[in-house]
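Visitor: Going down the list, the protein sequences come from chains A and B. Here the numbering used here is used: the first residue of the first sequence is 1, the next is one more, and so on. Here the numbering used here is used: the first residue of the second sequence is 482, the next is one more, and so on. A single structure is presented below for examination.
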Amino acid sequence: MGSSNTEVEALMGGEYAQGFVTQIESDTLPPGLDEAVIRTISSRKGEPAWMLEKRLTAYRYWLTMREPEWAAVRHPPIDFQAISYFSSPKKKPQLASLDEVDPELLATYEKLGIPIEEQKTLAGVAVDAVFDSVSVATTFRETLAEAGVIFCAMSEAVREYPDLVRQYMGSVVPHKDNFFAALNSAVFSDGTFVYIPKGVSCPMELSTYFRINEAKTGQFERTLIVAEAGSRVSYLEGCTAPMRDENQLHAAVVELVAMEDARIKYSTVQNWYPGDDQGRGGIYNFVTKRGECHGDRSHISWTQVETGSAVTWKYPSCILRGKDTVGEFYSVAVTKGHQQADTGTKMIHLGENSRSTIVSKGISAMHGSNAYRGLVRVAAKAENARNHSQCDSLLIGDRCAAHTFPYIEVKNPTAKVEHEATTSKVSEEQLFYCRQRGLSQEDAVSMIINGFCKQVFNELPMEFAVEAQKLLAVSLEGAVG
Amino acid sequence: MLSIKHLSASVDGKAILKGVDLEVRAGEVHAVMGPNGSGKSTLAHILAGRDGYTVTDGEVHYMGRDLLEMEIEERARQGLFLAMQYPMELPGVNNMIFMREAMNTRRKSQGKEAMDAVSFMKLVREKAKLVKLDERLLKRSVNAGFSGGEKKRNEILQMALLEPLLAILDETDSGLDIDALRSVADGVNRLRSPQRAMIVVTHYQRLLDYLEPDHVHVLAEGRIVRSGGMELARELEAKGYGWLLDEVAA
Ligand SMILES: Nc1ncnc2c1ncn2[C@@H]1O[C@H](COP(=O)(O)OP(=O)(O)OP(=O)(O)O)[C@@H](O)[C@H]1O
Ligand SMILES: [Mg+2]
């Protein structure tokens, strides 16, 4: 029944609460990309020569590549010369302590609910905040240092821990991997570096907060997490951006390396600006995330809640190289308005007895388009590999779409690969039923949606599970008249 | 309590109800019978406020208020309950949590405090026993994959929990086995009180034998064509609707 769909859609059309712009003086390179720009980025960051070389190699390779077209998303061609590749808040270099951070910036993070001031921090969560291209604050450094954990901005890591960075950066996602990975390798601005020494369980949740503020800038962060044998870490990233009419590009690369018996849990709550009702503006979120379960019995788990961005193109993946390794992917992707998402995962089974689990929940409303694209590959020598995939789609209204593209390549006969997929609808009947029992339309919708996402929310660290639920609820807020 | 005056309604331009009159006072049980497609569920849905129906004429008052002006959830919070002919499935929504939400919303509108999880669990188990609903169904998603009879029992369980003032049961007896029929009837009888009223839509005399309604109505071709007592139900059971429709047409 038409009228009711409109109501449901109105519910989904909540305002984007993080759409404000911070008035702050910034130092932004003019738009355009060539070798000189890359040299400038590198020198602004005081990088060693090898890093510049790496960037230039990636850039030259990128020039030979073409933007991929296979994803089930549509957008006007991106003019890579119209983007500024570096922007940083002006008053900043070399902060000795948080007291020196621009108060405007602190106010911004406060508005966003990011606990950047240590005393206000959620117990046990250390935060790194990346504003446009630069990391502005990292909290709890001392506590972490005592445990031997390194948690710092990537640009700092390049200077302070060059051996580690040199050894691992690009080892999981080489610059030749794909178009956006090559671009990122050439121009990456900042990001986070995490190193957990052998046998150490990181004493707190680590978290990075990304925000794009400046107009016409791209954000190209680079994150690298190395977990040595027997170590454990849980890491969370969150993202927002102001509302702007033009599209902005976010092309990040995240690499995870887990040694023997190490365990990495990586959670994302992505809420970049999705664009307006007409489909104007919004972030293009083209991200390469990959983890390598290098050592035997290592374990990498990706959890993502993707509610923002105009276009998302993202496949957090696991290379299960060691024996008895475990890879997991839990995803909720919401597309409403004119948002498009093509997301999923790749589980590459190389080691014996490697196991993987995929749980993907796609929610589409209004004109939203949501595609799950997943690859499960079992190599010839991966005896007894196991995969279970479950892909569920929930449709709200008649004009949205959901697609599932599972690719399965099995070269070992002992493999067990299972795939389940369902598509369901939030129907007028269901809402009528809930409301007949006294629930408001809002509560009914969020109950159905939370029920649908439960399996994924259960994987998030507790306080972020609550955040994620709220984030879904925010899109529903204030829409019932 | 409920006063329906000359209610006419259409779906997609097709007239379904053509002047329904019905008075329901507190304490009464009314049975509504009638051939398939005569508009019984339509009437029930309109009373509950479901979208998709256009009221073309008439009025409905509930507890002194204009019912047709009230939102679906507002009607429910004011004690109107509809046990549906085809209860909807809510995959992923835990049955117990759903019922607790419903219960607490109702309590809130009555100015009562929300019930904590433990007391609610106790209460729901107790009531589930009464309607002979397998406890395991409480842990599953609302109605998802329930058998036809299980869905009906689940409706009655919700009714028992919410203790509505006006309960409308749309063919809750269809598809129930004999034991379930009795427990549904018991559930309804237990709820009977001078403050409450019920409208029971059914095709079968068996349920009515348990309930002993005060009034029996026949809805045919969008109108209540005859009202009476239990003897009318018995006559219909014996003779079908043909004779009545002929009499009405004559
Ligand atoms: N959405 C709709 N679109 C078109 N016709 C409809 C719609 N809903 C109901 N009708 C029609 O309205 C008439 C009355 O339907 P209703 O469900 O109220 O009958 P009923 O008396 O409950 O029948 P039963 O005893 O079989 O349950 C039927 O002819 C039905 O086909
Ligand atoms: Mg019916």
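Even glycine gets a Cβ: it sits at the ideal position worked out from N, Cα and C.
Going along the chain, which unbroken runs of the beta strand (DSSP E) with 3 or more residues stay wholly within the stretch 555–622 of chain B?
Guide: Annotation: the stretch 555–622 of chain B contains the following complete segments of the beta strand (DSSP E) (minimum length 3 residues), in chain order: 561–564, 571–575.
Visitor: Establish whether the CB of L571(B) and some CB of chain A are separated by less than 7 Å.
Guide: yes
Visitor: Which value, in whole angstroms, describes the spacing of the CA atoms of V665(B) and I358(A)?
Guide: Cα to Cα, the separation comes out at about 43 Å.
Visitor: Got a sec: which bits of the stretch 628–642 of chain B sit with their beta carbon under 7 Å from any beta carbon on chain A, in order along the chain?
Guide: Per Cβ criterion, the list reads Q639.
Visitor: Would you please verify whether the beta carbon of Y433(A) is less than 7 Å from any beta carbon of chain B?
Guide: yes
Visitor: Please compile the residues from chain A whose C-beta is within a distance smaller than 7 Å of the C-beta of E554(B).
Guide: R435, G438, L439, S440
Visitor: Given the structure, does K632(B) come close to ligand 2, in the sense that its CB is under 6 Å from one of the ligand's heavy atoms?
Guide: no
Visitor: State yes or no: is the beta carbon of E429(A) nearer than 7 Å to at least one beta carbon in chain B?
Guide: Chain B has a Cβ within less than 7 Å of the Cβ of E429(A).
Visitor: Distance cutoff 7 Å, beta carbons only. Does M1(A) sit that close to anything in chain B?
Guide: Residue confidence is low: M1(A) scores 34 on pLDDT, short of 50, so the model does not pin down where it sits. Its coordinate-derived value is still stated next. Proximity of M1(A) to chain B, defined by a Cβ-Cβ separation below 7 Å, is satisfied.
Visitor: Along chain A, in chain order, which residues have C-beta atoms closer than 9 Å to that of V599(B)?
Guide: The contacting residues do not exist; V599(B) stays about 21 Å from chain A at best.
Visitor: Under 8 Å Cβ-Cβ, which residues of chain B neighbour F484(A)?
Guide: The requested residue 484(A) is not part of the displayed model; chain A covers only 1 to 481.
Visitor: Can you tell me where the beta strand (DSSP E) holding Q340(A) begins and where it ends?
Guide: Its beta strand (DSSP E) spans residues 340–349.
Visitor: Counting C-beta neighbours from all protein chains within 10 Å, is the total for W724(B) 16 or more, i.e. buried, or is it exposed?
Guide: exposed
Visitor: Under 7 Å between C-beta atoms, does A625(B) make it to chain A?
Guide: By the rule that beta-carbons nearer than 7 Å mark a contact, A625(B) does not touch chain A.
Visitor: Using the three-state DSSP reduction, which class does F86(A) fall into: helix, strand or coil?
Guide: coil
Visitor: Verify the contact flag: K521(B), CB atom, against every heavy atom of ligand 2, threshold strictly below 6 Å.
Guide: In terms of side-chain proximity, the C-beta atom of K521(B) is found nearer than 6 Å to a non-hydrogen atom of ligand 2.
Visitor: Run through the stretch 224–298 of chain A for me and flag every whole alpha helix (DSSP H) of 4 or more residues, listed as ranges in chain order.
Guide: none
Visitor: When you compare the CB of A529(B) with every CB in chain A, is at least one pair closer than 7 Å?
Guide: Between A529(B) and chain A, the shortest Cβ-Cβ separation is below 7 Å.
Visitor: DSSP three-state call for D493(B): helix, strand or coil?
Guide: coil
Visitor: Listing by chain order, which chain B residues have their CB less than 8 Å from the CB of I448(A)?
Guide: L571, G573, V574
Visitor: Does the stretch 339–352 of chain A come close enough to the stretch 306–324 of chain A that 3 or more CB-CB pairs lie under 8 Å?
Guide: yes
Visitor: What residues from chain B crowd round S424(A), counting only those whose CB sits closer than 8 Å?
Guide: Under the 8 Å cutoff, chain B gives P572.
Visitor: Would you identify the three-state DSSP class for I485(B), choosing helix, strand or coil?
Guide: Here I485(B) sits in strand by DSSP.
Visitor: So is A512(B) in contact with chain A if we call contact Cβ pairs under 7 Å?
Guide: no
Visitor: Let's see if you can read the secondary structure: which residues bound the alpha helix (DSSP H) around Q676(B)?
Guide: Per DSSP, Q676(B) belongs to no alpha helix (DSSP H) and is neither H nor E.
Visitor: Do you know offhand how far G573(B)'s Cα is from Q270(A)'s?
Guide: 23 Å
Visitor: Using beta-carbon positions only, say whether A583(B) and G438(A) come within less than 7 Å of one another.
Guide: Yes, the Cβ-Cβ distance between A583(B) and G438(A) is below 7 Å.
Visitor: Let's test the definition: count the other Cβ atoms within 10 Å of the Cβ of W302(A) and tell me whether it reaches 16, buried, or not, exposed.
Guide: So W302(A) ends up on the buried side.
Visitor: D398(A) touches chain B at which residues, Cβ-Cβ below 8 Å?
Guide: Here the premise fails: no neighbours, minimum Cβ distance about 15 Å.
Visitor: Residues of chain A with CB closer than 9 Å to the CB of E693(B), please, in chain order.
Guide: Simply none; closest approach about 27 Å.
Visitor: Flag R621(B) as yes if its beta-carbon sits less than 7 Å from any beta-carbon of chain A, otherwise no.
Guide: no
Visitor: Runs of 3 residues minimum, wholly inside the stretch 18–68 of chain A: which ones carry the beta strand (DSSP E) assignment?
Guide: As far as the stretch 18–68 of chain A is concerned, its whole beta strand (DSSP E) runs of at least 3 residues are 26–28.
Visitor: Do L224(A) and F188(A) have their C-beta atoms within less than 7 Å of each other?
Guide: no
Visitor: Just tell me which of K495(B), G539(B), L643(B), L717(B) has its CA closest to the CA of R556(B).
Guide: Measuring from the Cα of R556(B), the nearest candidate turns out to be L643(B).
Visitor: Return the bridge partner residues of M400(A) from the DSSP annotation.
Guide: A quick correction: the sequence has Cys, not Met, at residue 400(A). DSSP lists no partner for C400(A).
Visitor: Suppose the cutoff is 6 Å on Cβ atoms and the five residues either side in sequence are ignored; what does the same chain contact list for F179(A) look like?
Guide: M65, E67, P68
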